[in-house]
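Below is one structure, written out as structure tokens; comments come after it.
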């Protein structure tokens with residue numbers, strides 16, 4: 040929804056709410072797609088001296 044040409048804040052808010060209500064519902068995320076804290080963590084290597092092998 041492009042509301043850049045509407046200068047009145049209340050009118051713009053009303054237009055956005057109306058558009059949001061008319062928009063199709065957003066579906067659930069696909070199974071197995073991790074987001075945020077559920078993602079696998081990458082172990083960080085230490086900076087500075089190289090690690091002993």
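In our numbering, the protein residues as written are 40 to 92. All C-beta atoms in this analysis are idealised placements derived from N, C-alpha and C, irrespective of residue type, glycine included.
If you follow the alpha helix (DSSP H) that residue i is part of, which residue opens it and which one closes it?
i, result
"residue 58", "48-61"
Using only the alpha-carbon positions, how far apart do residue i and residue j sit?
i, j, result
"residue 66", "residue 59", "15 Å"
"residue 82", "residue 40", "41 Å"
So, does the CB of residue i fall closer than 8 Å to a CB anywhere in chain B?
i, result
"residue 61", "As a matter of chain content, chain B is missing from the structure shown, which is built from one protein chain."
Does the separation of the CB atoms of residue i and residue j fall below 8 Å?
i, j, result
"residue 55", "residue 43", "no"
For residue i, collect the residues of the same chain with a Cβ closer than 6 Å to its Cβ; drop the 5 residues on either side in sequence, then sort them by chain order.
i, result
"residue 87", "none"
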